[in-house]
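A short worksheet on the structure shown next.
Protein chains: 2
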Amino acid sequence: MFNIAAAQSGGPTSAINASLEGIFSQAEKHPEVDNIYGSINGIEGVLHNNFVDLRKILTCQHDKELLRKTPSTALGSCRYKLKDYEEDDSAYKTILKSFEDNNIKAFFYIGGNDSMDTVMKLNNYFRRTGSDIKVIGVPKTIDNDVMITDHTPGFGSAAKYVATSMQEIIRDSRVYSIPSVTIVEIMGRDAGWLTASTCVLRANLEPAPHMIYLPEVEFSIEKFLDDIREAQKKYKAVIIAVSEGISFSDEKYSMSGFSSELTDAFGHKYLSGVGKYLEKIVGAKIGCKVRSIELNVMQRCSAHIASLTDINESSMAGAAAVEAALTNGESGKMMTFNRISSHPYKIEIASHDIADIANQVKYFPVEWITAEHNNVTNDALDYFLPLIQGEVETEYLNGIPVHFRLNL
Amino acid sequence: MFNIAAAQSGGPTSAINASLEGIFSQAEKHPEVDNIYGSINGIEGVLHNNFVDLRKILTCQHDKELLRKTPSTALGSCRYKLKDYEEDDSAYKTILKSFEDNNIKAFFYIGGNDSMDTVMKLNNYFRRTGSDIKVIGVPKTIDNDVMITDHTPGFGSAAKYVATSMQEIIRDSRVYSIPSVTIVEIMGRDAGWLTASTCVLRANLEPAPHMIYLPEVEFSIEKFLDDIREAQKKYKAVIIAVSEGISFSDEKYSMSGFSSELTDAFGHKYLSGVGKYLEKIVGAKIGCKVRSIELNVMQRCSAHIASLTDINESSMAGAAAVEAALTNGESGKMMTFNRISSHPYKIEIASHDIADIANQVKYFPVEWITAEHNNVTNDALDYFLPLIQGEVETEYLNGIPVHFRLNL
Chain X
1 MFNIAAAQSG GPTSAINASL EGIFSQAEKH PEVDNIYGSI NGIEGVLHNN FVDLRKILTC
61 QHDKELLRKT PSTALGSCRY KLKDYEEDDS AYKTILKSFE DNNIKAFFYI GGNDSMDTVM
121 KLNNYFRRTG SDIKVIGVPK TIDNDVMITD HTPGFGSAAK YVATSMQEII RDSRVYSIPS
181 VTIVEIMGRD AGWLTASTCV LRANLEPAPH MIYLPEVEFS IEKFLDDIRE AQKKYKAVII
241 AVSEGISFSD EKYSMSGFSS ELTDAFGHKY LSGVGKYLEK IVGAKIGCKV RSIELNVMQR
301 CSAHIASLTD INESSMAGAA AVEAALTNGE SGKMMTFNRI SSHPYKIEIA SHDIADIANQ
361 VKYFPVEWIT AEHNNVTNDA LDYFLPLIQG EVETEYLNGI PVHFRLNL
Chain D
1001 MFNIAAAQSG GPTSAINASL EGIFSQAEKH PEVDNIYGSI NGIEGVLHNN FVDLRKILTC
1061 QHDKELLRKT PSTALGSCRY KLKDYEEDDS AYKTILKSFE DNNIKAFFYI GGNDSMDTVM
1121 KLNNYFRRTG SDIKVIGVPK TIDNDVMITD HTPGFGSAAK YVATSMQEII RDSRVYSIPS
1181 VTIVEIMGRD AGWLTASTCV LRANLEPAPH MIYLPEVEFS IEKFLDDIRE AQKKYKAVII
1241 AVSEGISFSD EKYSMSGFSS ELTDAFGHKY LSGVGKYLEK IVGAKIGCKV RSIELNVMQR
1301 CSAHIASLTD INESSMAGAA AVEAALTNGE SGKMMTFNRI SSHPYKIEIA SHDIADIANQ
1361 VKYFPVEWIT AEHNNVTNDA LDYFLPLIQG EVETEYLNGI PVHFRLNL
């Protein structure tokens, strides 16, 4: 008998709790597993010996069902970066001791690219020190920018929310008889996946968004304004999807208006307000009614419109991680989705060496961006469409979705 | 045999098409009604003789079902203010001629306070000129600020979206171990109804939002900062709901940061960014992690999470308007909801003289605001809760809600 632990890290998604549920439900099937711990606030919980006993928290099928449908991280999160082992191994020693003291033989870390850095470093440390503790990463990010895997848990739900909201914004934008431009700013610091996914509306013959701008190619304000003028010949209400991380090529337009100097623990800049910035430029240069809309954190937590495909796959990825560690004895791996086909949609779950994944970014394919750099091709549509299929049956109480709350 | 016409005006809601459906479905039951016209872009369609034949557009039960579930105005909207009849009656003459030319004997105007001004003026003009054309207003606004009626169509759906999103934002805000403040800016230029409605989360024992600030009472920055400091003693992540229209009492804090000088046709100022403004102040004065979120137009168009109570009532209000005009011969009236009881929830639909309604604002009751001016009482909870009950069965195609599109 031994114990295992799971933790959640990085920015929340609508599916990160589904992966936790998958880990828990699969671990329950293993008679050799005694306690199933949840580490509070990611790896910080391991460092501070702050664990909860998930068997006492998830006491019935209904608890697990609610957890699957609850956005954000039930166990809390962190943005903690482990130093290099060679530089400073104090945190590693504390983590190893914490695992040993609690007889934890396998650790499952649900997170994005930065969290996979932690998985890699811990695995390397445990192998060097001769420990047999297994470390497996379960990907999650609405950014969909993790290497090797076809897509990431959490992305499909974010894409479904963004498409649904975009379509509603389109309805809202078309009501007046005067020309207008609506700019919708969508999350994606480095990679344009989520912004690009707004192309799914095409499947229902919706021509908007009329333009889609991604960080993967250079962004020219002059070209942007020309694109709008061209679109205005056809459409009274021009609707634009723009990634928060677009890279400006025009030197005369200062970035200082929307890029703050703040950086997070991983050295990433906090971006905000590219939509508001472009709104001002369109207002000044084109002069029509213009507004910008930031979908903000709702993109990553709107579980009430989650993709059933995403929630199911996220749970399956968690369950597969348990099998990888406990049945196959793997460590230093991340679970991946391999797409077998899009028509019909079919994936298989595998594991892959974390060294090929950590600290990298999977960009949106440039070959799926149109020559004009202002939209995406139908290859993108084929890729995205399966990921947003199906709806989760939301449980309501007093007209409001019921969430699983740990009340930390 | 004669014709009737309906039009939609003002800002979109998730329920304004349900009222149009109600008018259409009820008019279909009247054998004396020949054509049921839709005027494109509100009263502008009447002025420019721009009508569609709704019998040709809504050809089956499914069309009507989809229309009920589609946000925004299927017929387009306008912000057109009729001049005083005494000053300039040219538009009135054009409208009367348009109605006479098209044999339109009853006109149904779905809109908010400003649209009710149009209903009143047209009715007065028709009575003075001896015309027998009936004009009936059907209220709609997410602001819930229309006099006489207990609540307005469109409000319940907006409140359900705001409560659902607020709860998701609460989940999202609680994940990190550091103290934080999250400010959610909610629509409501003059009246705080929608912001106040976030108190419904209490019904599910959710303590957040911890503070609620409304335009009906003065807003002091110093008191706001003290409220935050006090809340931080109890809560790691402090969540605040703030109305876009709060009125500052502290002279030293300039309003210029967030109030633009632009005004619409009715002389209303365009507000934006009070949340962002407060975010900056909290960052400077308290220094913790702080962010602001603007729910933006999603508040008025997120039909995918509409209140079934709201959609049903909105349709019923449209149907009742047809009965008021065609069966009871009424004109110059607006349809109203009278609440019979909250437990169990029961309303009746009536009509009321438009002169008591047009150009006025129904404010959130000051007696439902706590003495501290930073929250609302449980009387507000009792009032709001019935309005967000029930969910509309959304139809999906390719994972995306299906909308009724007129493709104007």
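Sequences listed follow chains X and D, in order.
Going by this note's numbering, the residue at position 353 of the first sequence is 353; the numbering climbs one at a time, nothing skipped.
Going by this note's numbering, the residue at position 71 of the second sequence is 1071; the numbering climbs one at a time, nothing skipped.
For each residue, glycine too, the CB sits at the ideal point set by N, CA and C.
A quick note: this is a predicted structure, and the numbers were derived from the prediction, not measured.
Between the C-alpha atoms of D:ILE1104 and D:VAL1046, what's the straight-line distance to the nearest angstrom?
Numbered from 1 along the second sequence, position 104 holds the residue referred to as residue 1104 of chain D. Numbered from 1 along the second sequence, position 46 holds the residue referred to as residue 1046 of chain D. Computed Cα separation, rounded: 10 Å.
Please classify X:ASN17 as buried or exposed, where buried requires at least 16 neighbouring CB atoms within 10 angstroms.
Looking up residue 17 of chain X in the first sequence gives position 17. With 16 or more Cβ atoms within 10 Å of its Cβ, X:ASN17 is classed as buried.
What are the partner residues of X:ASN3, as DSSP defines its beta bridges?
As a first step, residue 3 of chain X is located in the first sequence; it is residue number 3 there, counting from the start. Its beta-bridge partners are X:ILE104.
Answer yes or no: does any C-beta atom of chain X fall closer than 9 Å to that of D:GLY1257?
On the second sequence, position 257 is the one that residue 1257 of chain D refers to. Legend: pLDDT at D:GLY1257 = 44, less than 50; position of this residue unreliable, value from coordinates given subsequently. So no, D:GLY1257 is outside the interface.
For D:GLY1275, which option in D:CYS1301, D:ARG1300 and D:SER1247 has the closest C-alpha, if you only look at C-alpha atoms?
The count along the second sequence starts at 1 and reaches residue 1275 of chain D at position 275. Per the Cα distances, D:SER1247.
Helix, strand or coil for D:GLN1008 per DSSP?
If you number the second sequence from 1, residue 1008 of chain D lands on position 8. Three-state DSSP puts D:GLN1008 in a strand.
If we define contact as Cβ-Cβ less than 9 Å, is X:ALA284 a contact residue for chain D?
The count along the first sequence starts at 1 and reaches residue 284 of chain X at position 284. With 9 Å as the cut-off, X:ALA284 does not count as an interface residue toward chain D.
May I ask you to list the residues that DSSP assigns as paired with X:MET298?
The residue given as residue 298 of chain X occupies position 298 in the first sequence. Paired residues: none, contrary to the question.
Below 7 Å CB to CB, which residues in the same chain sit around D:GLY1245 once its five sequence neighbours on both sides are set aside?
Position 245 of the second sequence, counting from 1, holds the residue named residue 1245 of chain D. Closer than 7 Å at the Cβ level, and outside the excluded window around D:GLY1245, lie GLY1188, ARG1189, ASP1190, PRO1215 and LEU1271.
Using a Cβ cut-off of 7 Å, which residues of the stretch 1–33 of chain X contact any Cβ in chain D, in chain order?
PRO12
So with Cβ pairs under 9 Å, would you call X:GLU261 a contact of chain D?
Translated into positions along the first sequence, residue 261 of chain X becomes position 261. In this predicted model, X:GLU261 has a pLDDT of only 40, less than 50, meaning its place in the structure is not dependable; the value taken from the coordinates is given anyway. Not an interface residue.
Terminal residues of the continuous alpha helix (DSSP H) containing D:HIS1062?
Position 62 of the second sequence, counting from 1, holds the residue named residue 1062 of chain D. First-last of the alpha helix (DSSP H) with D:HIS1062: 1061–1069.
Spell out a yes or no on whether the stretch 1330–1347 of chain D and the stretch 1176–1185 of chain D are touching, meaning 3 or more CB-CB pairs, one atom from each, closer than 8 Å.
Segment contact: the stretch 1330–1347 of chain D against the stretch 1176–1185 of chain D, fewer than three CB-CB distances shorter than 8 Å; contact not assigned.
Counting only Cβ pairs nearer than 7 Å, list the residues of chain D close to X:GLY287.
One-based indexing of the first sequence puts residue 287 of chain X at position 287. Here the premise fails: no neighbours, minimum Cβ distance about 13 Å.
Work out the CA separation of D:GLY1076 and D:SER1009 for me, nearest whole Å.
For the purposes of this step, residue 1009 of chain D is taken as the residue at position 9 of the second sequence. For the purposes of this step, residue 1076 of chain D is taken as the residue at position 76 of the second sequence. In this structure, the CA atom of D:SER1009 is about 8 Å from the CA atom of D:GLY1076.
What runs of the beta strand (DSSP E), each 3 residues or longer, lie entirely inside the stretch 106–169 of chain X?
Those beta strand (DSSP E) runs which fall completely within the stretch 106–169 of chain X and span 3+ residues are 134–139.
Comparing the C-beta of D:LEU1058 with each C-beta of chain X, is any distance below 9 Å?
Residue mapping note: residue 1058 of chain D aligns to position 58 of the second sequence, counting from 1. With 9 Å as the cut-off, D:LEU1058 does not count as an interface residue toward chain X.
Taking the continuous beta strand (DSSP E) assigned at D:TYR1213, which residues delimit it?
Taking the first residue of the second sequence as 1, we reach residue 1213 of chain D at position 213. 1211–1213 is the span of the beta strand (DSSP E), which, as asked, contains D:TYR1213.
So, is the C-beta of X:ASP150 closer than 9 Å to a C-beta in chain D?
For this step, residue 150 of chain X is matched to residue 150 along the first sequence. X:ASP150 does not count as touching chain D.
Does X:LYS160 get closer than 9 Å to chain D when you measure Cβ to Cβ?
Position 160 of the first sequence, counting from 1, holds the residue named residue 160 of chain X. Chain D contact via Cβ: present.
Along chain D, in chain order, which residues have C-beta atoms closer than 9 Å to that of X:ILE388?
The residue you call residue 388 of chain X lines up with position 388 of the first sequence. What X:ILE388 touches in chain D: ASN1398, GLY1399 and ILE1400.
According to the neighbour-count rule (16 or more other Cβ atoms, all chains shown, within 10 Å of its Cβ), is X:ALA229 buried or exposed?
Position 229 of the first sequence, counting from 1, holds the residue named residue 229 of chain X. Residue 229 of chain X is actually Arg in this sequence, not Ala. Exposed, since its Cβ has fewer than 16 Cβ neighbours within 10 Å.
Under the rule that 16 or more other beta-carbon atoms within 10 Å means buried, what is X:PRO31, buried or exposed?
Numbered from its first residue, the first sequence carries residue 31 of chain X at position 31. When all chains shown are included, X:PRO31 counts as exposed.
In chain order, what are the residue ranges of uninterrupted alpha helix (DSSP H) at least 4 long that sit wholly in the stretch 323–396 of chain X?
378–384
Answer with yes or no whether the minimum CB distance from D:THR1070 to chain X is below 9 Å.
Translated into positions along the second sequence, residue 1070 of chain D becomes position 70. For D:THR1070, the answer is yes, since a Cβ of chain X falls inside 9 Å of its Cβ.
Do X:PHE224 and X:ALA106 have their C-beta atoms within less than 9 Å of each other?
Here residue 224 of chain X is taken as the residue at index 224 of the first sequence, counted from 1. Here residue 106 of chain X is taken as the residue at index 106 of the first sequence, counted from 1. No, Cβ-Cβ distance for X:PHE224 and X:ALA106 is not below 9 Å.
If X:ASP145 and X:LYS362 are in contact, beta carbons under 8 Å, what's the gap, nearest whole angstrom?
Taking the first residue of the first sequence as 1, we reach residue 145 of chain X at position 145. Taking the first residue of the first sequence as 1, we reach residue 362 of chain X at position 362. Confirmed, Cβ separation roughly 5 Å.
Taking the beta strand (DSSP E) that D:ASN1035 falls in, what are its first and last residues?
Numbered from 1 along the second sequence, position 35 holds the residue referred to as residue 1035 of chain D. Note, D:ASN1035: beta strand (DSSP E), 1033–1039.
Quick one: give me the first and last residue of the alpha helix (DSSP H) that D:SER1025 is part of.
Along the second sequence, one-based indexing puts residue 1025 of chain D at 25. 1016–1028 is the extent of the alpha helix (DSSP H) around D:SER1025.
Within a Cβ cutoff of 6 Å, which residues of the same chain sit near D:GLN1026, ignoring the five residues on either side of it in sequence?
Here residue 1026 of chain D corresponds to residue number 26 of the second sequence, with the count starting at 1. ALA1319 and VAL1322.
Can you have a look at X:ALA7 and say buried or exposed, based on whether 16 or more other CB atoms are within 10 angstroms of its CB?
Stepping through the first sequence from its first residue, residue 7 of chain X is reached at position 7. Per the 10 Å Cβ criterion, buried.
Grab me the residues of X:GLY192's own chain with a C-beta within less than 7 Å of its C-beta, minus the 5 sequence neighbours each way, in chain order.
Here residue 192 of chain X refers to the residue found at position 192 of the first sequence. Taken in chain order, the residues that qualify are LEU214, PRO215, GLU216, SER243 and PHE364.
Determine the contact status of D:PRO1386 and D:SER1342, defining contact as a CB-CB distance below 9 Å.
The residue you call residue 1386 of chain D lines up with position 386 of the second sequence. The residue you call residue 1342 of chain D lines up with position 342 of the second sequence. It is a contact, given that the beta carbons lie within the stated cut-off.
Tell me the rounded alpha-carbon separation between X:ALA317 and X:LYS285.
Locating residue 317 of chain X in the first sequence gives position 317, counting from the first residue. Locating residue 285 of chain X in the first sequence gives position 285, counting from the first residue. Rounded to whole angstroms, X:ALA317 to X:LYS285 spans 49 Å at the Cα level.
Report the residues of the stretch 1040–1064 of chain D with a CB closer than 7 Å to any CB of chain X, ordered along the chain.
For the stretch 1040–1064 of chain D, the set of residues with a beta-carbon nearer than 7 Å to any beta-carbon of chain X comprises ASN1041 and GLU1044, in chain order.
Output the distance between the C-alpha atoms of X:SER173 and D:SER1197, rounded to the nearest integer angstrom.
As a working note, residue 173 of chain X is residue 173 in the first sequence. As a working note, residue 1197 of chain D is residue 197 in the second sequence. Roughly 25 Å separates the two Cα atoms.
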